[in-house]
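In the working numbering, the protein residues as written are 0 to 471.
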Amino acid sequence: MRIEITGLDARYTMEQLCSMLLPGADGDCVCRVTCRDNRRSAAVRLKVGERTTRGAARCTVPPDPHTAVNLERRMVARATYRAICDYLEERPQWGMLSGVRPAKLVRAHLEQGGSARGAAGFLRREYDVSPEKAALCLETGRVAAALNRSFRPGDFYLYAHVPFCPTRCSYCSFITAAGDAFARWGGDYFRRLLDELSMLRRLTEARGMYGRGIYIGGGTPAIYSPEELTALCAALTAACGGNPEEFTVEAGRPDAITAEKLSALRRGGVTRICVNPQTMNDRTLTLIGRAHTAEDTRRAYLLAREAGFSTINCDLIAGLPGESVGDFGESLQEILSWDPENITVHTLAIKRGSSMNAAGVRQASPEELREMLALTEDTLRAAGYTPYYLYRQKYTGGGFENIGWAKPGRICRYNVAMMEEIGDIFSAGAGAVTKLTSREFARFSNPKYPAEYLAADGFDARYRELLAYYGD
Numbered sequence: 000m001r002i003e004i005t006g007l008d009a010r011y012t013m014e015q016l017c018s019m020l021l022p023g024a025d026g027d028c029v030c031r032v033t034c035r036d037n038r039r040s041a042a043v044r045l046k047v048g049e050r051t052t053r054g055a056a057r058c059t060v061p062p063d064p065h066t067a068v069n070l071e072r073r074m075v076a077r078a079t080y081r082a083i084c085d086y087l088e089e090r091p092q093w094g095m096l097s098g099v100r101p102a103k104l105v106r107a108h109l110e111q112g113g114s115a116r117g118a119a120g121f122l123r124r125e126y127d128v129s130p131e132k133a134a135l136c137l138e139t140g141r142v143a144a145a146l147n148r149s150f151r152p153g154d155f156y157l158y159a160h161v162p163f164c165p166t167r168c169s170y171c172s173f174i175t176a177a178g179d180a181f182a183r184w185g186g187d188y189f190r191r192l193l194d195e196l197s198m199l200r201r202l203t204e205a206r207g208m209y210g211r212g213i214y215i216g217g218g219t220p221a222i223y224s225p226e227e228l229t230a231l232c233a234a235l236t237a238a239c240g241g242n243p244e245e246f247t248v249e250a251g252r253p254d255a256i257t258a259e260k261l262s263a264l265r266r267g268g269v270t271r272i273c274v275n276p277q278t279m280n281d282r283t284l285t286l287i288g289r290a291h292t293a294e295d296t297r298r299a300y301l302l303a304r305e306a307g308f309s310t311i312n313c314d315l316i317a318g319l320p321g322e323s324v325g326d327f328g329e330s331l332q333e334i335l336s337w338d339p340e341n342i343t344v345h346t347l348a349i350k351r352g353s354s355m356n357a358a359g360v361r362q363a364s365p366e367e368l369r370e371m372l373a374l375t376e377d378t379l380r381a382a383g384y385t386p387y388y389l390y391r392q393k394y395t396g397g398g399f400e401n402i403g404w405a406k407p408g409r410i411c412r413y414n415v416a417m418m419e420e421i422g423d424i425f426s427a428g429a430g431a432v433t434k435l436t437s438r439e440f441a442r443f444s445n446p447k448y449p450a451e452y453l454a455a456d457g458f459d460a461r462y463r464e465l466l467a468y469y470g471d
């Protein structure tokens, strides 16, 4: 889609909506913004093929420049959305809301003294969000608001990234290194990761901070040996100043999980583990490049229970290639029969960097995805699960969402804090991003790829940057 806008810098706003609601469409979207005193108007002309549609919107801006910019961009989004809707068979359930963190809008409304009814009404009125999705935002926004209230000065969460996998899934575009990359870089990467955690320990000890939770993600963290996992757990716990309230390891791929590794993680203080099937259909597992079977997943889950883990998360993906609503439902029912404390359901996002995108794989239709997600909600609510965090991604089929479901009292607080940007989150490893919010919002990014991370200078400069943020 070719985008043109005059009178206001809001090109990105238009690009987001066009790519989300008209993916792959070839056409022209032109916006003209007129400014007169404190009044603004936007007129959009959208041409796709031989058809042309139009949309318009207006707003009045206040003196505060930050609020004014937000209102102006929302006005452009509304005009663009109105032009796009004429091309759609039905209005999208998320309306014109294109952000990754929709529940943040609800949390902000609640924390400013607004009512639940007012928050849901705001989403419907300002963004054309459906009542069902507004209610979902309200549920997860309340969880986030409660976590935010519990934060004390000096609290933080700690993330460590392991960017290695046995093989690369065909839908994956994350910063992961597959195949022989682990043999080439794994040992050096591990030692450098411990060095970075040592730096973070110096910082948190110097400031008297307390780590509420730890999350080891990937990639496939279980690719390391039991001895290495023990050392990593010890380094993370030390950086937190003692035993945290929760400690998650995204063990991930069943083909990397062994009883010895699970035992090492339990001894290391891990309280929550992720065993991620994605699907229980062997044909699909082969198609998406996962070198394991459904039986391997069953075995890994049982090993995790036998090791003593009382909180286990299982991931599923809705919309995998070749899977029908019935196929997805069968995977969901089997996972549910295991009785995990958390189930996270992702909507397939075919990202630009994935081999699935390069191969031109057809995504499930919006109607199929809607059925899968409705089936998920009906099934999990009936089984006693509730949604506790959600997020959206670019290139997600149908513009839908990813939702974490939990049994009562069994949420992963790190997931909520990370997604809703609550408190300070220190991150270590290649591609890791430290996000600090206890003062002004700040990001500190590590080199993106393992080779770059290994080639970078030491961590003294980052230590000084972090101290400077806190005014030390």
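Beta carbons are placed, not taken as given, at the ideal position from N, Cα and C, and that holds for glycine.
A residue is called buried when at least 16 other Cβ atoms come within 10 angstroms of its Cβ; cysteine 34 does not meet this threshold and is exposed.
Less than 9 Å divides the Cβ of leucine 45 from the Cβ of tyrosine 86. With a beta-carbon spacing of about 39 Å, arginine 461 and methionine 95 fall beyond the 8 Å limit used to define contacts. 9 Å or more divides the Cβ of glycine 212 from the Cβ of alanine 405. For glutamate 249, the uninterrupted beta strand (DSSP E) run begins and ends at 245-251, by DSSP. For the 9 Å CB-CB criterion, serine 149 and tryptophan 93 do not form a contact. Glycine 218 has its alpha-carbon roughly 21 Å from the corresponding atom of tyrosine 388.
Taking each of Arg38, Leu135, Cys84 in turn and checking the Cα distance to arginine 380, the smallest one comes out for Leu135. Here DSSP, grouped into helix, strand and coil, assigns glycine 328 to helix. When rounded, the separation of the alpha-carbon atoms in proline 162 and proline 253 is 16 Å. By the Cβ criterion, the stretch 270-279 is in contact with the stretch 318-336, since at least three pairs of Cβ atoms, one from each stretch, lie closer than 8 Å. As for any beta strand (DSSP E) of minimum length 3 sitting wholly inside the stretch 256-282, the runs are 271-274, ordered along the chain. Distance check between arginine 201 and each of Leu235, Ile215, Ala180, Ala221 places Leu235 closest, using alpha-carbon atoms only.
Taking a cut-off of 8 Å on C-beta distances, the stretch 285-299 touches the stretch 239-258, as three or more cross pairs fall below it. Relative to valine 99, the option among Ala56, Thr395, Leu315, Thr247 whose CA is nearest is Thr395. Residue state for phenylalanine 121 is assigned as helix, using DSSP reduced to three classes. If you compare the alpha carbons of Ser444, Asp471, Leu465, Pro449 with that of alanine 180, the shortest gap goes to Pro449. Per DSSP, serine 426 is one residue of the beta strand (DSSP E) stretching across 423-427. Here DSSP, grouped into helix, strand and coil, assigns aspartate 27 to strand.
Linking proline 165 to phenylalanine 155 through their CA atoms gives a straight-line distance of about 31 Å.
For valine 142, the uninterrupted alpha helix (DSSP H) segment begins and ends at 130-149. Around the beta carbon of asparagine 312, a 10 Å sphere encloses 16 or more other beta carbons of the protein chains shown; the residue is thus reported as buried.
In terms of Cβ geometry, valine 43 and aspartate 25 do not form a close pair [threshold 9 Å]. Taking a contact as a CB-CB distance under 8 Å, the pair alanine 41 and valine 68 does not count as one, their CB atoms being some 14 Å apart.
Note that the C-beta distance between serine 426 and histidine 160 is below 9 Å. Take isoleucine 424, set aside five residues on each side of it, and the residues of its chain with a beta-carbon closer than 7 Å to its own are Phe155, Tyr156, Tyr158, Ala416, Met417, Thr433, Lys434, in chain order. For the set Leu335, Leu372, Ser336, the Cα lying nearest the Cα of leucine 347 is the one of Leu372.
Judged by DSSP secondary structure, tyrosine 214 falls outside any alpha helix (DSSP H) and instead within the beta strand (DSSP E) spanning 209-217. Isoleucine 4: member of the beta strand (DSSP E) spanning 1-5, first to last residue. Boundaries of the alpha helix (DSSP H) harbouring cysteine 17: 10-20, taken from the DSSP string.
For valine 105, the enclosing alpha helix (DSSP H) starts and ends at 102-110. In the structure shown, alanine 290 falls within a coil segment according to DSSP collapsed to helix, strand and coil.
In the three-state reduction of the DSSP assignment, glycine 403 falls in the strand class, which pools E and B.
In this structure, the beta-carbon distance from leucine 192 to glycine 457 does not fall below 9 Å.
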